[in-house]
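What follows is a short report on a single structure.
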Amino acid sequence: KAGVTQTPRYLIKTRGQQVTLSCSPISGHRSVSWYQQTPGQGLQFLFEYFSETQRNKGNFPGRFSGRQFSNSRSEMNVSTLELGDSALYLCASSLLAGVGYNEQFFGPGTRLTVL
Amino acid sequence: AQSVSQHNHHVILSEAASLELGCNYSYGGTVNLFWYVQYPGQHLQLLLKYFSGDPLVKGIKGFEAEFIKSKFSFNLRKPSVQWSDTAEYFCAVISNTNAGKSTFGDGTTLTVKP
């Protein structure tokens, strides 16, 4: 079974631009979560989608948004990029079939550099 | 709100030394607990997990962790570390009422000297 895939793996943007990151979950997984990883802040939860609906949201500004498609694939968008948005963005998927099935499987991440 | 605290930011050990990394969480309900490892330049990998049952769980690469409910702790242990264990280790919590959200500790960087 293929793991969580994220594209692109690396991205360089300049301040003010916007960016879209993509995540394909493990087949059958309906929950997709996004995290930002930086040296200073560690792993911070951005949001979670389940069946195309955002169920959880972290403490990030509205410039960070996402969506999930009917096939469970998810995209994350960051508008008006700032230098501080440089980070590794991780996607994780879960089966969520009940208690004991909420383990998250992480993708390799997209390394975003904002210049 | 749930939170996770990892006591050590950076641990330096010699090969064959024993390892224990502390993890405490704050949440009143039922939680699932995880330890992840991130080797330099690689993505997060699951070391072990606890859902229910035996509070002593064994994971990959000789790691184990003990869930002590009364202390809200889930410490990671390994009897004898190797140079290849050099990595960053993260403790994480998922609550059953918030299943799509992992709360991570700040991570512990382990350096093993050969």
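Listed in order, the protein sequences are those of chains A and B. Numbering-wise (my numbering), the first sequence opens with residue 13 and increments by one. Numbering-wise (my numbering), the second sequence opens with residue 220 and increments by one. Think of the CB as a built atom: it goes at the ideal place given N, C-alpha and C, for glycine as much as any other residue. Predicted model, so just to flag it, every value in this text is computed and none were measured.
Worksheet item: Can the beta-carbon of residue 66 of chain A be found closer than 7 angstroms to that of residue 59 of chain A?
Response: In the first sequence, residue 66 of chain A corresponds to position 54, counting from 1. In the first sequence, residue 59 of chain A corresponds to position 47, counting from 1. Cβ atoms of residue 66 of chain A and residue 59 of chain A: closer than 7 angstroms.
Practice prompt. Measure the alpha-carbon distance for residue 282 of chain B versus residue 253 of chain B and round it to whole angstroms.
Written response: As a working mapping, residue 282 of chain B is identified with position 63 in the second sequence. As a working mapping, residue 253 of chain B is identified with position 34 in the second sequence. Cα to Cα, residue 282 of chain B sits roughly 12 angstroms from residue 253 of chain B.
Fill in: Of the listed residues B/238, B/220, B/303, nearest to residue 227 of chain B (C-alpha basis)
The count along the second sequence starts at 1 and reaches residue 227 of chain B at position 8. The residue from B/238, B/220, B/303 with its alpha-carbon nearest to that of residue 227 of chain B is B/238.
Worksheet item: Using a beta-carbon distance cut-off of less than 7 angstroms, what residues from the stretch 47-64 of chain A approach chain B?
Response: 54, 55, 57, 60, 62
Fill in: Separation of residue 284 of chain B from residue 270 of chain B, as counted between CA atoms
Stepping through the second sequence from its first residue, residue 270 of chain B is reached at position 51. Stepping through the second sequence from its first residue, residue 284 of chain B is reached at position 65. Cα-Cα distance, rounded: 12 angstroms.
Worksheet item: residue 40 of chain A to residue 104 of chain A, Cα distance in whole Å?
Response: Start at 1 with the first residue of the first sequence, and residue 40 of chain A comes out as number 28. Start at 1 with the first residue of the first sequence, and residue 104 of chain A comes out as number 92. Taking the straight line joining both Cα atoms gives about 13 angstroms.
Fill in: Given residue 102 of chain A as reference, the closest of A/81, A/47, A/108 once Cα atoms are compared
Looking up residue 102 of chain A in the first sequence gives position 90. Looking at the Cα atoms, A/47 is the closest of the given residues.
Worksheet item: What three-state label does DSSP hand residue 95 of chain A in the structure shown?
Response: For the purposes of this step, residue 95 of chain A is taken as residue 83 along the first sequence, with counting starting at 1. In this structure, residue 95 of chain A counts as helix in the three-state DSSP scheme.
Worksheet item: For residue 289 of chain B, which three-state DSSP category applies?
Response: Residue numbering aside, residue 289 of chain B sits at position 70 when the second sequence is read from its first letter. Helix, per DSSP.
Discussion item. Going by DSSP, what residue range makes up the beta strand (DSSP E) through residue 313 of chain B?
Written reply: Position 94 of the second sequence, counted from the first residue, corresponds to residue 313 of chain B. Element bounds for residue 313 of chain B: 306-314.
Worksheet item: When burial is assigned at 16 or more other CB atoms within 10 Å of the CB, is residue 258 of chain B buried or exposed?
Response: The count along the second sequence starts at 1 and reaches residue 258 of chain B at position 39. Exposed: under 16 other Cβ atoms inside 10 Å.
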